[in-house]
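What follows is a short report on a single structure.
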Amino acid sequence: MSRSQDPQPPRSFFPFGNPFRKISPKGSRMSPQLLAILQAFEATLAERLRNLMPKSKDEILSLSWMTAAMKSLCETHNDIRSLITDLELPVSNWDDKWIDVYLDISSKLLDICNIFSSELLRLNQGNLLLKCALHNLNSASSKLFVRACSLLDDWRHHINSRNPRIEKCSTILDNLVGSLDLPKVKNSAKGKVLMQAMYGVKVETVFVCSVFAAAFSGSPKKLLDLNVADMYLWAPAFTSLQNLVNEEIRVRFSSGKFSVLNELEVVDGVVKEIYPAIQGGADTVEAESILKTVEELGKAAEKLSEGMDVLAKGVDGFFQGVLTSRDTLLSSMRFGKTVNDRGVGRNMDQQVVN
């Protein structure tokens, strides 16, 4: 797909510093045990972010890298559950604002997961067109070559079309960015540890989801550039990762590639190679001469299909993890704490995007 892209200024937040500074534990009386718990969490997050740093720019937006990014998110969200246990901070001791923050975040993440799943399903539907085209290409029939051309045209049109649900990601992500300014914590060292850890989780989540949204939407406008204060152990690793990935994605968009997703781009390259050779039908085509290219297309299509299946399972696993954490929190609230007229909690289950 050829597109001319005007340079887009980075969507940067917190130009005047990170508002989260106001709830950092600096100057507060934090015990060595609590400090150790927080530092262990942040060190693990830093290592995960370093592991996501691609060895080369070619790895960026490969389906394997995207799967690794989704797995990293799952592990980081799991770490929050472990941290709450380590803090010995039951929900019954949570401030109402902390609960509202978590419920609001989890609702938005469930929405985003549903959107990503719908896009992966749509892309996988295009693989059926490729399989049919390959079946026709393995025949020596003139009519079937013509049919294969039509199917390849349909595939490119299908991939180039846009999922309207993806456009909703920008609003959801902007809301998540706005909620990075977490509530101020008073008189609770454990609460400050929890909020600082949740900040790290949210930053990684917003980054990964914005990369997915940009890749699926075909627009660099979905990318976000977050400014993170150096006070966090994971900040240098995050900044390096964000700068490299976002810059490469913008370069790809500016070059007018058919898709910024690696495996899709490979398939399209083979389609472009084979299409002129079969366009006139068997009368003008030597079947033997295109056999190797057809084989290449088959391998590329198989790799694309398998990669999307694995990524789809990763997105579903993240959805299930968020849903489980949310259900656990709601159950704890029902049995351990009475919450009346909580606007956020009351409407959470009604906010899933259709």
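Numbering follows the numbering used here, in which position 59 of the sequence shown is assigned residue number 91; successive positions increment by one, without gaps.
Where a beta carbon is used, it is the ideal one built from N, C-alpha and C, also for glycine.
Quick caveat: nothing in here was measured; it's all calculated off a predicted structure.
Just the Cα atoms here: how many angstroms apart are residue i and residue j?
i           : j           : result
residue 73  : residue 229 : 7 Å
residue 119 : residue 284 : 44 Å
residue 141 : residue 351 : 8 Å
residue 289 : residue 198 : 19 Å
residue 115 : residue 64  : 15 Å
residue 161 : residue 286 : 28 Å
residue 67  : residue 105 : 23 Å
residue 251 : residue 220 : 43 Å
residue 273 : residue 122 : 34 Å
residue 259 : residue 279 : 15 Å
residue 71  : residue 103 : 22 Å
residue 224 : residue 62  : 9 Å
residue 93  : residue 207 : 24 Å
residue 107 : residue 281 : 25 Å
residue 322 : residue 167 : 14 Å
residue 310 : residue 268 : 52 Å
residue 271 : residue 261 : 10 Å
residue 101 : residue 249 : 18 Å
residue 151 : residue 345 : 13 Å
Which class does residue i belong to by DSSP, given the choice of helix, strand or coil?
i           : result
residue 258 : strand
residue 130 : helix
residue 91  : helix
residue 187 : helix
residue 297 : helix
residue 80  : helix
residue 290 : coil
residue 212 : coil
residue 223 : helix
residue 194 : coil
residue 251 : coil
residue 264 : coil
residue 141 : helix
residue 283 : helix
residue 311 : coil
residue 182 : helix
residue 150 : helix
residue 217 : coil
residue 86  : coil
residue 305 : helix
Among the options, whose alpha-carbon lies nearest the alpha-carbon of residue i?
i           : options            : result
residue 263 : 302, 189, 78       : 78
residue 128 : 339, 218, 165      : 218
residue 365 : 311, 125, 116, 110 : 125
residue 89  : 277, 354, 115, 338 : 277
residue 257 : 355, 303, 235, 251 : 235
residue 165 : 188, 209, 360      : 188
residue 357 : 70, 68, 64, 136    : 136
residue 360 : 168, 131, 281      : 131
residue 170 : 340, 326, 345, 342 : 326
residue 302 : 293, 282, 324, 281 : 324
residue 99  : 71, 222, 149, 270  : 149
residue 247 : 268, 291, 271      : 291
residue 147 : 195, 297, 271      : 195
Buried or exposed for residue i, please, with buried defined as at least 16 other CB atoms from any protein chain shown within 10 angstroms of its CB.
i           : result
residue 363 : exposed
residue 109 : buried
residue 139 : buried
residue 193 : exposed
residue 175 : exposed
residue 305 : exposed
residue 153 : exposed
residue 275 : exposed
residue 222 : buried
Less than 7 Å between C-beta atoms, sequence neighbours within five positions excluded: which residues of the same chain meet that for residue i?
i           : result
residue 266 : 74, 77, 78, 81, 232
residue 205 : 238, 241, 242, 245, 256
residue 376 : At residue 376 the pLDDT is 35, less than 50, meaning the model places this residue with poor confidence and gives no usable figure here.
residue 113 : 357
residue 297 : 289, 290, 291
residue 111 : 73, 76
Once the 5 residues before and after residue i are set aside, which same chain residues still bring their CB inside 6 Å of it?
i           : result
residue 245 : 201, 254
residue 190 : 158
residue 156 : 340
Leaving out five residues on either side along the sequence, give the residues of the same chain with a beta carbon under 8 Å from the beta carbon of residue i.
i           : result
residue 97  : 84, 86, 91
residue 145 : 347, 348, 350, 351, 354
residue 299 : 162, 329, 332, 333, 336
residue 307 : 181, 184
residue 95  : 293, 294, 295, 336, 339, 340, 342, 343
residue 69  : 115, 118, 119, 225
residue 209 : 45, 238, 256, 258
residue 186 : 161
I want to check one thing, is the minimum distance from the CB of residue i to the heavy atoms of the ligand NAD below 6 Å?
i           : result
residue 264 : The ligand NAD is not part of this structure, which contains no ligands at all.
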